[in-house]
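A.B. asks: Sending over a structure as C-alpha cells; questions will come in a sec.
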Ligand code: GRF
C-alpha cells in the first residue's frame with residue numbers, strides 16, 4: 024500500500040512507520056511515498072527529507088478560505104495516489120473535499136482514549152480531569168473531530184508525578200507501536216468499515 028503521512032510536529036510517529044518499513048516494504052505491506060505538513064520547519068519534514076521522501080506544505084494562512092486550503096491539501100495528497108493517508112500528529116481538521124477523496128482511508132492517531140478528551144489537548148485534558156488511565160486511539164477520520172470509527176486503542180496509566188510532557192511521552196511510546204501495527208495490518212489484510220465497526224480481514 025502507498026502511504027502519504029501528514030505531520031505537524033516532531034514526526035516520531037512518522038519515524039516509527041519509516042523504521043518499521045525499513046528495507047522491507049514488501050514484508051510490512053506498505054511504503055511511505057510522501058509526507059505532507061501544514062507548516063514549514065518542523066522535525067517531521069526533516070525526517071522525511073532524511074529518508075529521501077518528497078514533501079509538501081500547505082499552510083492555512085496562504086489561502087483565502089479554509090475550503091481553498093482543503094482543496095490544495097487534497098490535490099497535493101492525491102498527486103501521490105495514496106492507498107491510505109496517515110494523519111500522525113497532523114493538527115488540522117480536514118474538510119469536505121479531502122474526505123470526499125480520502126474518507127474511509129484516512130487514519131488518525133490521537134493521544135487519548137476516545138471518545139474521552141478529543142481535540143488538540145487530549146493529554147492535558149486527561150491530566151487536568153484527574154483520569155487514572157488514559158492512552159491512545161487509532162481511528163478512521165470522519166467529518167467530526169476525533170469521532171471516526173475506532174480501529175485500536177492502547178492504555179497508559181497516569182502517574183501522580185506526571186506533567187503533560189511526561190505523560191505525553193509515555194503515551195507516544197504506546198501510540199507509535201499501535202500505529203505501526205494497525206497500519207501494517209490494514210495494508211496487508213484489507214479492512215471493512217460498517218458504521219462504527221472496523222473489521223480487518
Ligand atoms: C502524537 O501524540 C499525536 O497523537 C498528537 O501529537 C503527537 C504528534 O507526535 N496529535 P509526533 O509529531 O508524531 O512526534
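Residue numbers (full-length UniProt numbering): 24 to 224. The beta-carbon is built from N, C-alpha and C at its ideal position, and this holds for glycine as well.
Using 6 Å as the cut-off, classify the Cβ of residue 138 as near or not near the heavy atoms of the ligand GRF, replying yes or no.
C.D. replies: Residue 138: no, Cβ never under 6 Å from the ligand GRF.
A.B. asks: Which stretch, first to last residue, makes up the alpha helix (DSSP H) that contains residue 68?
C.D. replies: 66 to 73
A.B. asks: Check whether the region 27 to 40 touches the region 111 to 128, taking contact to mean three or more Cβ pairs, one atom from each stretch, closer than 8 Å.
C.D. replies: yes
A.B. asks: Starting from residue 144 and walking both ways along the alpha helix (DSSP H), at which residues does that stretch end?
C.D. replies: Segment: none, residue 144 is in no alpha helix (DSSP H) and carries neither H nor E.
A.B. asks: When you compare only the Cα positions, how much space is there between residue 170 and residue 74?
C.D. replies: 32 Å
A.B. asks: Any heavy atom of the ligand GRF closer than 6 Å to the CB of residue 35?
C.D. replies: Under cutoff, so the answer is yes.
A.B. asks: Say whether chain B places a C-beta atom closer than 7 Å to the C-beta of residue 219.
C.D. replies: This model lacks chain B altogether, as it is built from one protein chain only.
A.B. asks: Per the DSSP calculation, residue 26 is bridged to which residue(s)?
C.D. replies: According to DSSP, residue 26 bridges with 55 and 107.
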